[in-house]
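Below is one structure, written out as structure tokens, with a few remarks after it.
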Amino acid sequence: MNTTLLHIAGAAMLLAGAAPAGAQDAAALNLRSMAATCANCHGTAGKPVTNSAVPGLAGIPAVYMVEQMKAFKSGARAATVMHQLAKGYSDAQIDQLAAYFAAQPK
Numbered sequence: 001m002n003t004t005l006l007h008i009a010g011a012a013m014l015l016a017g018a019a020p021a022g023a024q025d026a027a028a029l030n031l032r033s034m035a036a037t038c039a040n041c042h043g044t045a046g047k048p049v050t051n052s053a054v055p056g057l058a059g060i061p062a063v064y065m066v067e068q069m070k071a072f073k074s075g076a077r078a079a080t081v082m083h084q085l086a087k088g089y090s091d092a093q094i095d096q097l098a099a100y101f102a103a104q105p106k
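In the numbering used here, the protein residues as written are 1 to 106.
Below is the structure:
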């Protein structure tokens, strides 16, 4: 299993409650805080506002989001601001965000 899938699986287990309660609460709060930084453009919990030109993130496959974020981060995918924002996240954080948004209902 590659590193990306391991990180996604680990984030999913955290969200599902596989970690001790205190650690889970802190990790979940940290993850929700990280995801909230996406809300300005992508909408609360990844649900965009009506008629938004920016895509929603809620419910998209985690592997797809990881691929896109890494493409923004490397410059392989053109963007207005995402290439700069993506550089601020570690690969592990990208995996966690991808798992978070994949678990959100559309």
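We put the beta carbon where it would ideally sit given N, CA and C, even for glycine.
My output table needs one value for Cys38: the three-state DSSP class, helix, strand or coil. Walking along the sequence shown from the start, residue 38 turns up at place 38. It is coil, neither helix nor strand.
Return the CA-CA distance between Leu97 and Gly22, expressed in angstroms with no decimal places. The residue labelled residue 97 in the question sits at position 97 within the sequence shown. The residue labelled residue 22 in the question sits at position 22 within the sequence shown. When rounded, the distance between both Cα atoms is 20 Å.
Cut-off 8 Å between Cβ atoms - residues of its own chain near Ser52, not counting five sequence neighbours on either side: The residue you call residue 52 lines up with position 52 of the sequence shown. Only Gly43 meet the Cβ criterion.
For Ala78, count the other beta carbons within 10 Å of its own beta carbon; 16 or more makes it buried, fewer makes it exposed. Which is it? As a working mapping, residue 78 is identified with position 78 in the sequence shown. Result: exposed.
Neighbourhood of Phe72 by C-beta, 7 Å cutoff - its chain only, sequence neighbours within 5 removed: Translated into positions along the sequence shown, residue 72 becomes position 72. Once the five neighbours on either side are set aside, the close Cβ partners of Phe72 are Ala79, Met82, His83, Ala86.
Beta-carbon separation of Gln93 and Gly59 under 9 Å? Stepping through the sequence shown from its first residue, residue 93 is reached at position 93. Stepping through the sequence shown from its first residue, residue 59 is reached at position 59. In this structure, Gly59 does not lie closer than 9 Å to Gln93 by Cβ.
Helix, strand or coil at Val54 [DSSP, three-state]: Within the sequence shown, residue 54 is the residue found at index 54, counting from 1. Of the three classes helix, strand and coil, the one that applies to Val54 here is coil, per DSSP.
With a cut-off of 8 Å on the beta carbons, I'd call Phe101 and Met65 a contact; round off their distance for me. To locate residue 101, count along the sequence shown from 1; it is residue 101. To locate residue 65, count along the sequence shown from 1; it is residue 65. The Cβ separation is near 6 Å, so the contact holds.
Ends of the alpha helix (DSSP H) at Val81? Reading the sequence shown from its first residue, position 81 is the one you call residue 81. First-last for Val81: undefined, no H or E at that position.
Is the beta carbon of Pro55 sitting closer than 9 Å to the one on Pro48? Translated into the one-based positions of the sequence shown, residue 55 becomes position 55. Translated into the one-based positions of the sequence shown, residue 48 becomes position 48. Yes, the Cβ-Cβ distance between Pro55 and Pro48 is below 9 Å.
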